[in-house]
Amino acid sequence: MFAANDNIALGIIAAAHHFGITVGRDLALVGYNDTPLSARLSTPLSSVRVPLAQIASTAIDLIVNPGKEPHIRKSMPTLIPRESSGAPRHA
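Counting from 463, one number per residue, gives the positions in the sequence shown under the numbering used here.
Here is the structure:
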């Protein structure tokens, strides 16, 4: 299951626990934004990390130097696999 953000994923984890579902074993779950809490959960949450510093820097550059051509910039998010998606625990 893919949650729109890590906070929603926390709600899914709570609901799964309520129904006796073990995240990472019975349910694979991935969040979005890779909040600091994600790695500290009892079952660490797999999450997609967005390069926010790069996006902010590019946005500022485009505002300061707008130019006339359309500007298309790409940034690549990164999947951070952890136990919630079935990834093995690292020692």
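Even glycine gets a Cβ: it sits at the ideal position worked out from N, Cα and C. Because the structure is a prediction, the values reported are computed rather than measured.
For the beta strand (DSSP E) containing I559, name the first residue and the last one. What the structure shows of the chain is the stretch from 463 to 553, and residue 559 is not part of that stretch, so it cannot be assessed.
Where does I470 land, buried or exposed, given buried means 16+ other C-beta within 10 angstroms? exposed
Under 8 angstroms between the Cβ atoms of D423 and I542? What the structure shows of the chain is the stretch from 463 to 553, and residue 423 is not part of that stretch, so it cannot be assessed.
Could you give the first and the last residue of the continuous beta strand (DSSP E) run that contains I542? 540-542
Cβ of T505 within 8 angstroms of Cβ of G486? yes
Under the three-state reduction of DSSP, which class applies to R487: helix, strand or coil? coil
Using 10 angstroms around the beta-carbon of H533, count the other beta-carbons present and answer buried if the total reaches 16, otherwise exposed. exposed
My guess is that P539 and V492 are in contact by the Cβ rule of under 8 angstroms, so how many angstroms apart are they, rounded? About 11 angstroms separates the two Cβ atoms, so there is no contact after all.
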